[in-house]
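Each remark here refers to the structure printed beneath this line.
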Amino acid sequence: MKRSRLPLLVTIAVLFFFYLPIIILVVNSFNASRFGTGWQGFSMRWYARLLHEPEIWRAARNSLVIALGATALSVVFGTAAAFALHRFARSRLQRFHYGLVYMPLVVPEILMGISLLMAFAAAGVRLGLGTIFLAHVTFCVSFVAMTVLARLQDFDFAVIEAAQDLGAGWGTTLRKVLLPLIAPGILAGALLAFTLSIDDFVITFFVAGPGSTTLPIRIYSMIKYGSPPLINALSTILLTVTFTAVAISQRISRSKG
Amino acid sequence: MKTGARKKLQEALVSSPSLLWLGLFFLFPTLLVFVLALRPANPYGGIGQGWTLENLRRLADPSYLEVAWRTLEISLVTTIICLLLAVPVGYYLVRVSLKWRNLFLMLIIIPFWTNFLVRVFAWKVLLHPEGPIKHVLVFLGLAGPQTSLLYNAGAVVLVSVYTFLPFTILPIFAAADKFDFQLLEAARDLGARRSQAFRRIFLPGIRRGLFTAVLFVFIPALGSYVIPDIVGGPSGELIGNKIAQRVFVDRNLPLASAISAVLILSVLAPLAAVLFLQRKDERPEIL
Chain A
65 MKRSRLPLLV TIAVLFFFYL PIIILVVNSF NASRFGTGWQ GFSMRWYARL LHEPEIWRAA
125 RNSLVIALGA TALSVVFGTA AAFALHRFAR SRLQRFHYGL VYMPLVVPEI LMGISLLMAF
185 AAAGVRLGLG TIFLAHVTFC VSFVAMTVLA RLQDFDFAVI EAAQDLGAGW GTTLRKVLLP
245 LIAPGILAGA LLAFTLSIDD FVITFFVAGP GSTTLPIRIY SMIKYGSPPL INALSTILLT
305 VTFTAVAISQ RISRSKG
Chain B
151 MKTGARKKLQ EALVSSPSLL WLGLFFLFPT LLVFVLALRP ANPYGGIGQG WTLENLRRLA
211 DPSYLEVAWR TLEISLVTTI ICLLLAVPVG YYLVRVSLKW RNLFLMLIII PFWTNFLVRV
271 FAWKVLLHPE GPIKHVLVFL GLAGPQTSLL YNAGAVVLVS VYTFLPFTIL PIFAAADKFD
331 FQLLEAARDL GARRSQAFRR IFLPGIRRGL FTAVLFVFIP ALGSYVIPDI VGGPSGELIG
391 NKIAQRVFVD RNLPLASAIS AVLILSVLAP LAAVLFLQRK DERPEIL
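Protein chains in written order, with this note's numbering: chain A, 65 to 321; chain B, 151 to 437.
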């Protein structure tokens, strides 16, 4: 049967569409021109300028601390949630639980941001890095729970009973049987939580107090009021970090499989 | 009996951390938005005492209605364009060899590991009056020197499609992957034209993926804020911008709550519709 070429052409066009802005951005980060309107020679000056922007590095450190903290806590809560959702799937409590875990995934970010802001305002909580942390844990829990739940779907609970029949206590079962089996799911969930936290702008923007800056908030104010070439350089660095991390995690997962 | 009670206790124990956390930081704040929408603002940017319908009355202002209508329009157009592009891509990914499929999937996902703001900013540079796209269009005679590619509703649609397209491609690909392509061949053998077989057999076959894709674009598009803020300009403002203005510009939290309450309800509507449509099928994919 002769096949239409249209799907191939659309796919290629879509990939071109996806990469065009990113390639232009990377190229411009090495452009000596201040406004990026034409090529004026190769230059590393924007990267050098970044070194003299302590605000950016402070923001990056805040982002990192919040992302690590939010990942740690949300992995614990999310894994427990996934476990409950899987083990007791049919109960009425779990149906409510599922809805509660699922809703943050579909609700637009701005609504989560504004509602958290309202709650903090009503409770008289001072906005700052602390409120950002609370907000990040909230959306990360759902993503971790769903990721781990997906892996648990192929999990056979008989192995737990088997371990216990063979005399393993709860601690041993947890450490030697359960955790190794669901570890890839937890790791994937943790990675997702970390990425989402370090990338989040909208929710953070609403619950950040004056002076509590994360990297995306800093980038936003640079886009609004700062100089474009600096953002290009910073973005290229971020891109490189992401690609390296992805390449490494691919390597690890491949060597395991 | 005893094991039943123990199981209940175990269930409560394992469920409680996420139930309590999401109850406190998701469910309660969401409900609070509806309550605060009925409160007056106080002059210090906080929430006043007593109850009022003033915020809801102000929502009927023509400027809000215009923005609400534009939000709906832009979200719909974005969803349709995403589907038109995602269906052929999803179809192609399933038909191509496994090696190519994995490569293409990887290539589709990678750009979206870059920071969201950075991607929107990249488009701002591209669409800039002095930017490359404008130069090409003017050179080709497709745009005059005065044409502005930035700060209008079209720019918002373009960048929204860019942002949400992967979330349309992936569920459609997942659904197409489960589709039995022999059905298409059977339809052709029975005399259906290629376009007919595609429309009457393939599209209904992947409808669950289509529903999921619609949700993944339409709902976030309704609540879009960063994209119109950076490339939209005044003529591309959406509901999200209005909420942010009430919070950050004139610090009227109750009015911001009222707008958000409307947005919450308009997000729930398509969600409920899709769940209802899917329930008639089998077990829905997303719930």
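For each residue, glycine too, the CB sits at the ideal point set by N, CA and C.
All of these numbers come straight from a predicted model, not from anything done at the bench.
(message) Can you give me the C-alpha to C-alpha distance between A:S97 and B:V288, rounded to a whole angstrom?
(response) Along the first sequence, read from residue 1 onward, the residue named residue 97 of chain A stands at position 33. Along the second sequence, read from residue 1 onward, the residue named residue 288 of chain B stands at position 138. The alpha-carbon atoms of A:S97 and B:V288 are separated by roughly 22 Å.
(request) Using a Cβ-Cβ cut-off of 7 Å, state whether B:A272 counts as contacting chain A. (result) The count along the second sequence starts at 1 and reaches residue 272 of chain B at position 122. Taking Cβ atoms only, chain A reaches closer than 7 Å to B:A272, which makes this a yes.
(request) Helix, strand or coil for B:A191, going by three-state DSSP, please let me know. (result) Stepping through the second sequence from its first residue, residue 191 of chain B is reached at position 41. Strand.
(request) Please decide whether B:S410 counts as near chain A, where near means a Cβ-Cβ distance under 7 Å. (result) Counting from one through the second sequence, the residue named residue 410 of chain B turns up at place 260. Answer yes: the Cβ-Cβ gap between B:S410 and chain A drops below 7 Å somewhere.
(message) So, at 8 Å on beta carbons, what are the nonlocal neighbours of A:V165 in its own chain, with the 5 sequence-adjacent residues on each side left out?
(response) Your numbering for residue 165 of chain A matches position 101 in the first sequence. Taken in chain order, the residues that qualify are A145, L149, V205, S206, A209 and M210.
(request) Could you please give the first and the last residue of the uninterrupted alpha helix (DSSP H) stretch that includes A:S261? (result) Here residue 261 of chain A corresponds to residue number 197 of the first sequence, with the count starting at 1. Per DSSP, the continuous alpha helix (DSSP H) segment holding A:S261 begins and ends at L243 to D263.
(message) Looking only at its chain, what residues have a beta carbon closer than 6 Å to the beta carbon of B:A187, apart from the 5 residues adjacent to it on each side?
(response) Working through the second sequence from its first residue, we reach residue 187 of chain B at position 37. The residues are N205, S407, A408 and A411.
(message) I want to know whether the stretch 248–266 of chain A touches the stretch 72–91 of chain A - three or more CB-CB distances under 8 Å.
(response) no
(message) I need the straight-line Cα distance from B:R343 to B:A371, nearest angstrom please.
(response) The residue you call residue 343 of chain B lines up with position 193 of the second sequence. The residue you call residue 371 of chain B lines up with position 221 of the second sequence. Using only the alpha carbons, I get a separation of about 36 Å.
(request) Determine the direct distance from the alpha carbon of B:R357 to that of B:P434, and round the result to whole angstroms. (result) Working through the second sequence from its first residue, we reach residue 434 of chain B at position 284. Working through the second sequence from its first residue, we reach residue 357 of chain B at position 207. In this prediction, B:P434 scores a pLDDT of 42, lower than 50, which makes its location untrustworthy; the coordinate-derived value is nonetheless stated afterwards. For B:P434 and B:R357, the distance between alpha carbons rounds to 11 Å.
(request) Consult DSSP for A:N95 and reduce its assignment to one of helix, strand or coil. (result) Residue 95 of chain A sits at position 31 when you count from the first residue of the first sequence. The three-state reading of DSSP puts A:N95 in strand, counting E and B together.
(message) So with CB distances below 8 Å, who are the chain B contacts of A:S68?
(response) Taking the first sequence and counting its residues from 1, the one referred to as residue 68 of chain A is at position 4. In chain order: R344.
(message) Could you tell me the alpha carbon to alpha carbon distance between B:A422 and B:P404, rounded to whole angstroms?
(response) In the second sequence, counting from the first residue as 1, residue 422 of chain B sits at position 272. In the second sequence, counting from the first residue as 1, residue 404 of chain B sits at position 254. If I take the Cα positions, the gap works out to 27 Å.
(request) Give every residue of the same chain whose Cβ lies closer than 6 Å to the Cβ of B:A325, excluding the five residues on either side of it in the sequence, and list them in chain order. (result) Here residue 325 of chain B refers to the residue found at position 175 of the second sequence. Cβ neighbours of B:A325 beyond the five flanking positions: I356, R358 and G359.
(message) Once DSSP output is grouped into helix, strand and coil, what is the label at B:I356?
(response) Within the second sequence, the letter at position 206 stands for residue 356 of chain B. Three-state DSSP puts B:I356 in coil, outside helix and strand.
(message) To the nearest angstrom, how far is the alpha carbon of A:V212 from that of B:V164?
(response) Looking up residue 212 of chain A in the first sequence gives position 148. Looking up residue 164 of chain B in the second sequence gives position 14. Rounded to whole angstroms, A:V212 to B:V164 spans 14 Å at the Cα level.
(message) Here's the rule: buried if 16 or more other CB atoms are within 10 angstroms of the residue's CB, otherwise exposed. What is B:W171?
(response) Indexing the second sequence from 1 puts residue 171 of chain B at position 21. The residue in question, B:W171, is buried, as its Cβ has 16 or more Cβ neighbours within 10 Å.
(message) Contact defined as beta carbons within less than 8 Å: I believe A:A185 pairs with B:G196. What is the distance between those atoms, to the nearest angstrom?
(response) As a first step, residue 185 of chain A must be located in the first sequence, where it is residue number 121. As a first step, residue 196 of chain B must be located in the second sequence, where it is residue number 46. Correct: roughly 7 Å between the Cβ atoms.
(request) Just mark B:V345 as buried or exposed, buried being the case when its beta carbon has 16 or more other beta carbons within 10 Å. (result) Here the question's residue 345 of chain B lines up with position 195 in the second sequence. As written in the sequence, residue 345 of chain B is Ser, which differs from the Val given in the question. With fewer than 16 other Cβ atoms within 10 Å, it is exposed.
(message) Helix, strand or coil, according to DSSP, for B:F366 in the structure here?
(response) Stepping through the second sequence from its first residue, residue 366 of chain B is reached at position 216. Reduced to three states, the DSSP call for B:F366 is helix.
(message) Between which residues of its own chain and B:E432 is the CB-CB distance below 6 Å, once the five residues before and five after are set aside?
(response) Translated into the one-based positions of the second sequence, residue 432 of chain B becomes position 282. No answer about B:E432 holds up, because its pLDDT of 48 lies below 50 and its placement is not dependable.
(request) Take B:A347 and list the residues in its own chain whose beta-carbon comes closer than 8 Å to its own, dropping the five residues that flank it on each side. (result) By one-based count along the second sequence, residue 347 of chain B stands at place 197. Excluding positions up to five away in sequence, the list reads L334, A337 and R338.
(request) With B:P295 as the anchor, note down where its alpha helix (DSSP H) starts and where it stops. (result) On the second sequence, position 145 is the one that residue 295 of chain B refers to. First-last for B:P295: undefined, no H or E at that position.
(message) Could you check whether A:T195 and A:V271 sit closer than 7 Å to each other, using their CB atoms as the reference points?
(response) Taking the first residue of the first sequence as 1, we reach residue 271 of chain A at position 207. Taking the first residue of the first sequence as 1, we reach residue 195 of chain A at position 131. For A:V271 and A:T195, yes; Cβs fall inside 7 Å.
(request) May I ask you to list the residues that DSSP assigns as paired with B:I197? (result) Position 47 of the second sequence, counting from 1, holds the residue named residue 197 of chain B. For B:I197, which the question treats as bridged, DSSP gives the partners B:A191.
(request) Identify whether A:F106 lies in helix, strand or coil by the three-state DSSP scheme. (result) If you number the first sequence from 1, residue 106 of chain A lands on position 42. Three-state result, A:F106: strand.
(message) Which residues in chain A have a C-beta closer than 9 Å to the C-beta of B:E223? List them in chain order.
(response) Stepping through the second sequence from its first residue, residue 223 of chain B is reached at position 73. Ordered by position in chain A, no residue passes the 9 Å Cβ test against B:E223, which lies about 17 Å from the chain.
(message) On the criterion of 16 or more Cβ atoms from any shown chain inside 10 Å, does A:I76 qualify as buried, or is it exposed?
(response) Counting from one through the first sequence, the residue named residue 76 of chain A turns up at place 12. Residue environment for A:I76: exposed (fewer than 16 other C-beta atoms within 10 angstroms of its C-beta).
(message) Check whether chain B comes within 7 Å of A:A148, counting only Cβ atoms and requiring the distance to be less than that.
(response) Start at 1 with the first residue of the first sequence, and residue 148 of chain A comes out as number 84. Chain B, which has a Cβ nearer than 7 Å to the Cβ of A:A148, makes this yes.
(request) Assign B:V424 to buried or exposed, taking buried as 16 or more other Cβ atoms, counted over all protein chains shown, within 10 Å of its Cβ. (result) In the second sequence, counting from the first residue as 1, residue 424 of chain B sits at position 274. By the neighbour-count rule (16 or more Cβ atoms within 10 Å), B:V424 is buried.
(request) For the stretch 300–309 of chain B and the stretch 265–285 of chain B, state whether three or more C-beta atom pairs, one from each stretch, are separated by less than 8 Å. (result) Three or more Cβ pairs drawn from the stretch 300–309 of chain B and the stretch 265–285 of chain B lie within less than 8 Å of each other, which places the two stretches in contact.
(request) Give me the Cα-Cα distance between A:V129 and A:E117, rounded to the nearest whole angstrom. (result) For this step, residue 129 of chain A is matched to residue 65 along the first sequence. For this step, residue 117 of chain A is matched to residue 53 along the first sequence. A:V129 and A:E117: Cα-Cα distance of roughly 19 Å.
(request) Measuring only between beta-carbons, confirm whether A:S322 sits less than 7 Å from chain B. (result) A question about residue 322 of chain A goes unanswered here, because the residues of chain A that appear run from 65 up to 321.
(request) Measuring alpha carbon to alpha carbon, tell me which of B:P378, B:R350, B:K157 and B:N391 ends up nearest B:V311. (result) Residue 311 of chain B sits at position 161 when you count from the first residue of the second sequence. That would be B:P378, whose Cα lies nearest to the Cα of B:V311.
(message) Strictly under 7 Å for the Cβ-Cβ distance: is B:P434 near chain A by that measure?
(response) Residue 434 of chain B sits at position 284 when you count from the first residue of the second sequence. With a pLDDT of only 42 at B:P434, under 50, the local geometry of the prediction cannot be trusted, and no value is derived from it.
(message) So, with DSSP's three-state summary, where would you put B:V246?
(response) The residue you call residue 246 of chain B lines up with position 96 of the second sequence. Correct three-state label for B:V246: coil.
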